[in-house]
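Visitor: Anchor point for the sequence shown: position 91 equals 91 in full-length UniProt numbering, and the numbering is continuous, going up by one each time.
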Amino acid sequence: MLVRIRWLPLCGRTEDWKLWKTILKQAGVRDVRVHDARHTAATLVIEQGVNIRVVQQVLGHTRVTTTERYTHVATLQMKDASDRMGQALWGSP
Numbered sequence: 001m002l003v004r005i006r007w008l009p010l011c012g013r014t015e016d017w018k019l020w021k022t023i024l025k026q027a028g029v030r031d032v033r034v035h036d037a038r039h040t041a042a043t044l045v046i047e048q049g050v051n052i053r054v055v056q057q058v059l060g061h062t063r064v065t066t067t068e069r070y071t072h073v074a075t076l077q078m079k080d081a082s083d084r085m086g087q088a089l090w091g092s093p
């Protein structure tokens, strides 16, 4: 997640967008929207076990349901859930 000094979230101000474009160019990363990067960052930190309420605060969301929409279930999480269900139903192979 990109934040300005003092953990203030990036917003729609022109200087924020210019900073974002500069960071992407210097990093050699393809041009993506800040909004897309926020979705990716939220998903990655949730996958690492960060509490969704913490992610909510960092993203500046009033409701946790907004944060839930930002996060996406990864393929590995789906496989893990499937494996656990199989183990619960049929035990270890």
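Yeah, the Cβ is synthetic: ideal placement off N, Cα and C, and Gly gets one too.
Output the boundary residues of the alpha helix (DSSP H) element that contains Q26.
Guide: Here residue 26 is taken as the residue at index 26 of the sequence shown, counted from 1. Looking at the DSSP string, the run of the alpha helix (DSSP H) that includes Q26 is T14 to A27.
Visitor: What residues in its chain sit with their C-beta under 8 Å from that of L24, if we drop five residues either side in the sequence?
Guide: The sequence position of residue 24 within the sequence shown is 24, counting from 1. Excluding sequence neighbours, L24 sits near R30, D31 and V32.
Visitor: Can you find the residues in the same chain that come closer than 6 Å, C-beta to C-beta, to M78, ignoring five residues on each side of it along the sequence?
Guide: By one-based count along the sequence shown, residue 78 stands at place 78. No residues qualify anywhere along the chain.
Visitor: Classify H61 as buried or exposed, calling it buried when 16 or more other Cβ atoms lie within 10 Å of its own Cβ.
Guide: For the purposes of this step, residue 61 is taken as residue 61 along the sequence shown, with counting starting at 1. Buried, by the Cβ-count rule.
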